[in-house]
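If you read the sequence shown in the numbering used here, its first letter stands for residue 77, the second for the next number, and so on.
Reviewing the structure listed below.
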Amino acid sequence: MAADNLLSKWAIWVDGIGKAGNGKEYNPPVLEVLTKDFKAGDMDMPVPVDVGMAPMETSFALFGVDVTVLPLFGLQKGKKNAISVRSTYTDLAGNTYDLVEVLRGMITKIERDGQDTGDQSEKAMKVTMKLDYYKVTRSGLVLIEIDPINRVRKLGGIDALEGIRALLQLS
Numbered sequence: 077m078a079a080d081n082l083l084s085k086w087a088i089w090v091d092g093i094g095k096a097g098n099g100k101e102y103n104p105p106v107l108e109v110l111t112k113d114f115k116a117g118d119m120d121m122p123v124p125v126d127v128g129m130a131p132m133e134t135s136f137a138l139f140g141v142d143v144t145v146l147p148l149f150g151l152q153k154g155k156k157n158a159i160s161v162r163s164t165y166t167d168l169a170g171n172t173y174d175l176v177e178v179l180r181g182m183i184t185k186i187e188r189d190g191q192d193t194g195d196q197s198e199k200a201m202k203v204t205m206k207l208d209y210y211k212v213t214r215s216g217l218v219l220i221e222i223d224p225i226n227r228v229r230k231l232g233g234i235d236a237l238e239g240i241r242a243l244l245q246l247s
């Protein structure tokens, strides 16, 4: 059915502090499996082979200048920055459900909009974060969990790396 999964509202938390009412934009990470073409001597054409994932990155923008986010820039000794984004989606029947994203990593870039003589209400601070953890849940069900440090790549409840961890005796 068309329009059965429409974004309704969203809010962001940075380092456990709610930013509801201040979120201007959120760009979820792009999930990309890196591949290499493999062709054996008897094959007519190469086939893609999974060789890991591309690095994950996210960005978000908050209206104004957020003084609680500025000090989170760069390497934080003994600490990983965490953000969470809670979204609601609605279908045409009026049913609403949640989608919760948990992201962890390092803030690598903070860009502030230029100041000029025009309307200042839309000015924002854009934050870019390189990730080492990403998890998506819908109505309590884990859809995606990417945790490269612990060698986890769960999609739809199936961990693609579980067998490798077991063979290497890492779990």
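Cβ atoms here follow ideal geometry from the backbone N, Cα and C, with glycine treated the same way.
Here's the rule: buried if 16 or more other CB atoms are within 10 angstroms of the residue's CB, otherwise exposed. What is Asn103? Result: exposed.
Could you check which residue in Ile220, Ser197, Leu175 has the C-alpha nearest to that of Gly233? When C-alpha distances from Gly233 are compared across Ile220, Ser197, Leu175, the shortest belongs to Ile220.
Evaluate contact between the stretch 120 to 134 and the stretch 205 to 212, counting only Cβ atoms and requiring at least three cross-stretch pairs below 8 Å. Verdict: yes, contact present.
Whole angstroms is fine: what's the gap from Leu151's alpha carbon to Leu168's? Approximately 45 Å between the Cα atoms of the pair.
Mind the definition here: the stretch 143 to 162 touches the stretch 79 to 90 only if three or more C-beta pairs lie below 8 Å; say whether that holds. In this structure the stretch 143 to 162 lies against the stretch 79 to 90, because at least three pairs of beta carbons, one per stretch, are closer than 8 Å.
Quick check: the stretch 180 to 191 against the stretch 92 to 100, are there 3 or more CB pairs under 8 Å? No, because fewer than three Cβ pairs between the stretch 180 to 191 and the stretch 92 to 100 fall closer than 8 Å, the two stretches do not touch.
Quick one: give me the first and last residue of the alpha helix (DSSP H) that Arg241 is part of. Unbroken alpha helix (DSSP H) run through Arg241: 238 to 243.
Pull up the DSSP beta-bridge partners for Asp126, would you. Per DSSP, Thr111.
Counted within 10 angstroms of its Cβ, other Cβ atoms place Met201 as buried (16 or more) or exposed: So Met201 counts as buried.
Between the Cα of Lys112 and those of Pro105, Pro122, Asp118, spot the shortest distance and give me the residue it belongs to. Pro122 is the residue among Pro105, Pro122, Asp118 whose C-alpha sits nearest the C-alpha of Lys112.
Only counting the same chain, and skipping five residues up and downstream in sequence, which positions put a Cβ closer than 7 Å to that of Leu246? Once the five neighbours on either side are set aside, the close Cβ partners of Leu246 are Arg227.
Output the distance between the C-alpha atoms of Lys153 and Met182, rounded to the nearest integer angstrom. One C-alpha to the other measures close to 11 Å.
Do Val176 and Arg162 have their CB atoms nearer than 7 Å? Yes, they are a contact pair.
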